[in-house]
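Each residue of the sequence shown is one higher than the last, beginning at 504 in the numbering used here.
C-beta atoms are modelled at their ideal positions from N, C-alpha and C, and glycine is treated no differently.
Since the structure comes first, as structure tokens, the remarks are kept for the end.
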Amino acid sequence: MFAVIKTGGKQYKVQEGDVLEVEKLGIDKGQKVTFDQVLLIDDDEKTFIGTPFLEKTLVRGEVIENFKDKKVIVFKKKRRKQYRKKRGHRQELARVRVEEIVFGLKPAPEKEKKKPEEKVKRKEPVRKAAPKKAVKPKAIKEEKQRKSEKKAEVKRKTKTIKAKESKVKASDKKKAVTKTAAQTRKPKKTKE
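Have a look at this one:
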């Protein structure tokens, strides 16, 4: 009989008496551990597959020791860029001995559900708060007015600046035209 369990984001195929190295469980040495995420159980006659896990199924084990795995070196490099990073990592693991695979567990007796008590009606009527009026204070209105006035002033200034620039450009063009005309005239040669 074997089972497939999920722990630490990985899946393991286990049988009774197996010793596993799994991700750190946070359980001290010598304590019992139960894996309730059982994906599959194969009894010699039948195979039971969970969707995704089997209900009423457990795998029990005991933590033998907590230890660190071998060091893994992570080296990153980009050639011709003077970029290098070297990091080391040792994963914390737990060694677990599988003691038994329990299938078809009886459900624990459910506690009797208490009926919710009915709410006691109040004799005094509950006062409702008056709805708040959506009135904007004067300060907010004045602030908006100031902002709109500033925008209008900025628009006026930009218009006047543009008008001045266009006048300057026009006068520069006239000067350039007169200079070019004077330069193109050839002086008359006088006979001596």
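I'd like to know whether the C-beta atoms of residue i and residue j end up nearer to each other than 9 Å.
i	j	result
I567	R593	no
Y515	V522	no
L561	I552	no
K527	L596	yes
G607	K571	no
G564	T537	yes
Could you check if residue i is buried or exposed, using at least 16 other CB atoms within 10 Å of its CB as the buried criterion?
i	result
Y586	exposed
T554	exposed
L557	buried
G478	Since the first residue shown for the chain is 504 and the last is 695, residue 478 is missing from the structure and cannot be characterised.
I664	exposed
I544	buried
From this set, the options, which residue's C-alpha is nearest residue i's C-alpha?
i	options	result
Q518	I643, I604, T661, E645	I604
V577	K589, I530, I544, K571	K589
V525	T510, T663, T537	T510
D547	L608, F505, K581	F505
K574	R582, S669, G591	G591
K535	G520, K579, K580, V601	V601
With H, G and I counted as helix, E and B as strand and the rest as coil, what does DSSP make of residue i?
i	result
T550	strand
E558	coil
K532	coil
D545	strand
Q518	coil
R563	strand
Does any residue of chain D have a CB that is nearer than 9 Å to the CB of residue i?
i	result
K650	Reference to chain D is not applicable here, since this structure consists of a single protein chain.
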